[in-house]
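So the structure is just underneath, and the comments pick up after that.
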Amino acid sequence: MTTSPTQSAGTTPPGSTDSTTASATSGPGTPPAALPSFVGLHPGEPNVMEPELLNDPFTGYGKLREQGALVRGRFLDDSPVWLVTRFDVVREVMRDPRFINNPSRLPGRTDPDPRAKLIELFGIPDHVAPYLVDTILTSDPPDHTRLRRLVSRAFTARRVQDLRPRVERITDELLAQLPDHAQDGVVDLVEHFAYPLPITVICELVGIDEEERHRWRQFGAALASLEPKRIGAVVPAMVEHIHEVIRERRTALRDDLLSALIRARDDDGGRLSETEMVTMVLTLVLAGHETTAHLISNGTLALLTHPDQRRLLAEDPALLPRAVHELMRWCGPIQATQLRYASEDVEVAGTKVRKGDALMFSLVAANHDPRHYTEPEKLDLTRQPAGRAEDHVGFGHGMHYCLGASLARQEGEVAFGKLLARYPEVALALPHEQLEEQERMRQPGAWRLRRLPLRLRPEN
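According to this note's numbering, the sequence shown holds residues 1374 to 1833 in order.
Written out as C-alpha cells, the structure is:
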C-alpha cells in the first residue's frame, strides 16, 4: 500500500532526493533551475516554493497541518500568507463571506493591489492583466453572482448528463487511436488521451472550432510552466485569439456558450462587458481542460499502482462515481487555492486574522487530514458512501465551488471505466519511482505529470 501519492510500496519517495537542487520548473534530463532568492529568508514561515513542499506536498503540507490549522507562511512572491490546513477549518472559511477574492474591495484599503506584484513577477504586460485578474474565479458578489448566472445553465446536471453520449463517443475514438501513437509499444496517455478528451468536450461546449483547439493546449502548457518569458508572451496572444473568435462568431451565431455570451453582451451590455466576455471564454476553456486532464492522468497512475483498487473497479464498474471522488481527494490536480483576503479582523481556529491578511487553502493537507478521515493516506475507492455529498474539497466549497465539477466527474468516470475495459492489461512503461522522478512537475499548488508512458498490452 502506498503511504502517499509520492510513494510506492518498496520505493523511495521523490522528495528523498537532494532537496537543495529541486525546482518547480526543472524538467527531465535538464539541470534544475535555481530557487527564488527569497526562499528560506523567513525562518518559521515556509515559502510555497520550498523544495520540501514541491517535492512531496503530501508530507510537507501534512507536517504543517499538524503544526496548526493556520500556519504563517510565504506566497510565490514572498508576501506573507496564512496557510489553512485542516479539513473542517478549510470548509468553514471557504463559505465565510468575510473572506473575499478581490483585495481591491477591502474596506479602506489604500495599498496597491497585491496582485499587481504577481502580474509583474510573471512578466504579464499591463494592458492584458485585467483578463487574468478580474475573472469569475477572482470576483466576489455581486459580480461573481452575475457572471456565474450567465454560464451556470451550461453546467446543470441535466445538461451534463445530456453530454454523456458525446463524451463516451470521444473517449471511444481516442482509445481506439492509442495504438497508432505508440512508439516501441509505449504511448503517452497525457498527450494522446488525458488532454484531448476534456479539451474536445469543453471546446465543443463553449464553441471553439476544432482547428483552433491545438492552440489551447499550447496556451495551457505555457501558463502551467510558470516561466515568466513564456507567460508574458502567451497571454497577449491568448487574448487576441479570443477577440478574433468573438469577431468571427458575431457574424454567424450558433447554439453554443460563446454565442450565448455574445447575445448577453450585445443585447444587454449591462450584463457583460467585452473584457468580461473574453475573460469568461479564457477561464472556461483553460479551467475546463487543464484540471480534468491531470485528474485523468493522476487517477490512472494511482489505479495502476494499486492493483487491489483497480481490480475492485474492474469487478464493479458501479463504483466509478465514488472512485472519481476518492481519486480527486487522494491525488487531485489542484492542491491549493488562489488567495482570499480577510475583509475584517476575524478569529479562525483560535488564531487572530487581521483585516487585509491573505489566506491560502491547502487542499492537499485538508484532503489528507486524519481528524476527518480514517487512514487518509490509503487509497480506498469505497471510502465515500454512495449517494452522499462529496466528502473532500478537491473541487472547493461554498459559493466558489467549481462550476464544471459535474462535467469533470463525468469525464473521469467515462475515461477510467473505458480505458480499463478496453485495455485490461495496460501497465506503466517505467517503474513508478522513475516515472515520478522524471515526469512529475514540481509546481506550487498543482500535482501534474508531463507524460504518463504506458504499455497497452504486455511485451511479448
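Cβ coordinates follow ideal geometry from the N, Cα and C atoms, glycine included. Source: prediction; values computed, not measured.
Simplified DSSP state of residue i, which is helix, strand or coil
{"i": "methionine 1611", "result": "helix"}
{"i": "leucine 1829", "result": "coil"}
{"i": "tryptophan 1455", "result": "strand"}
{"i": "isoleucine 1619", "result": "helix"}
{"i": "valine 1737", "result": "helix"}
{"i": "arginine 1824", "result": "coil"}
{"i": "proline 1378", "result": "coil"}
{"i": "alanine 1594", "result": "helix"}
{"i": "alanine 1781", "result": "helix"}
{"i": "phenylalanine 1768", "result": "coil"}
{"i": "isoleucine 1604", "result": "helix"}
Buried versus exposed, by CB contacts within 10 Å (16 or more), residue i
{"i": "glutamine 1591", "result": "exposed"}
{"i": "proline 1601", "result": "exposed"}
{"i": "lysine 1791", "result": "buried"}
{"i": "tyrosine 1568", "result": "buried"}
{"i": "leucine 1414", "result": "exposed"}
{"i": "alanine 1637", "result": "buried"}
{"i": "serine 1646", "result": "exposed"}
{"i": "arginine 1759", "result": "Here residue 1759 turns out to be alanine, not arginine, going by the sequence shown. Under this definition alanine 1759 is an exposed residue."}
{"i": "proline 1831", "result": "exposed"}
{"i": "glutamate 1809", "result": "buried"}
{"i": "glycine 1481", "result": "exposed"}
{"i": "aspartate 1640", "result": "exposed"}
Run of the beta strand (DSSP E) containing residue i, from where it starts to where it stops
{"i": "methionine 1733", "result": "1731-1734"}
{"i": "histidine 1724", "result": "Residue identity differs from the one stated: residue 1724 is threonine in this sequence, not histidine. Looking at the DSSP string, the run of the beta strand (DSSP E) that includes threonine 1724 is 1724-1726."}
{"i": "glycine 1446", "result": "1443-1447"}
{"i": "valine 1466", "result": "Here valine 1466 belongs to no beta strand (DSSP E); instead the alpha helix (DSSP H) covers 1460-1467."}
{"i": "aspartate 1561", "result": "1559-1561"}
Backbone CA spacing between residue i and residue j [nearest angstrom]
{"i": "glutamine 1757", "j": "leucine 1736", "result": "18 angstroms"}
{"i": "arginine 1815", "j": "leucine 1427", "result": "5 angstroms"}
{"i": "leucine 1801", "j": "threonine 1529", "result": "36 angstroms"}
{"i": "asparagine 1475", "j": "aspartate 1484", "result": "13 angstroms"}
{"i": "tyrosine 1434", "j": "alanine 1738", "result": "5 angstroms"}
{"i": "tryptophan 1820", "j": "phenylalanine 1734", "result": "15 angstroms"}
{"i": "glutamate 1699", "j": "alanine 1625", "result": "43 angstroms"}
{"i": "isoleucine 1635", "j": "valine 1654", "result": "11 angstroms"}
{"i": "leucine 1692", "j": "arginine 1468", "result": "30 angstroms"}
{"i": "histidine 1565", "j": "glycine 1593", "result": "16 angstroms"}
{"i": "aspartate 1535", "j": "aspartate 1450", "result": "43 angstroms"}
{"i": "arginine 1586", "j": "glutamate 1717", "result": "44 angstroms"}
{"i": "alanine 1794", "j": "tyrosine 1504", "result": "42 angstroms"}
{"i": "lysine 1728", "j": "threonine 1664", "result": "32 angstroms"}
{"i": "glutamate 1812", "j": "lysine 1436", "result": "25 angstroms"}
{"i": "glycine 1369", "j": "tyrosine 1746", "result": "Only positions 1374 to 1833 of the chain appear in this structure, which leaves residue 1369 out of reach."}
{"i": "proline 1804", "j": "valine 1559", "result": "13 angstroms"}
{"i": "tyrosine 1774", "j": "isoleucine 1473", "result": "14 angstroms"}
{"i": "valine 1524", "j": "threonine 1508", "result": "13 angstroms"}
{"i": "serine 1512", "j": "alanine 1788", "result": "32 angstroms"}
{"i": "proline 1419", "j": "proline 1609", "result": "33 angstroms"}
{"i": "glutamate 1750", "j": "asparagine 1740", "result": "10 angstroms"}
{"i": "glutamate 1541", "j": "isoleucine 1581", "result": "20 angstroms"}
{"i": "arginine 1519", "j": "glutamate 1649", "result": "11 angstroms"}
{"i": "arginine 1713", "j": "proline 1409", "result": "23 angstroms"}
{"i": "aspartate 1689", "j": "arginine 1782", "result": "18 angstroms"}
{"i": "valine 1454", "j": "valine 1726", "result": "10 angstroms"}
Endpoints, alpha helix (DSSP H) assigned at residue i
{"i": "valine 1574", "result": "1569-1579"}
{"i": "valine 1412", "result": "Unbroken run through valine 1412: none, as it is neither H nor E."}
{"i": "lysine 1490", "result": "1488-1494"}
{"i": "tyrosine 1434", "result": "1430-1440"}
Which full runs of the beta strand (DSSP E) of 3+ residues lie inside the stretch 1502-1556, going along the chain?
-> none
Note down, one range per segment and in chain order, each alpha helix (DSSP H) of at least 4 residues found wholly within the stretch 1634-1722.
-> 1647-1677, 1680-1688 and 1693-1704
May I have a chain-ordered list of the alpha helix (DSSP H) segments no shorter than 4 residues that lie completely inside the stretch 1787-1812?
-> 1805-1812
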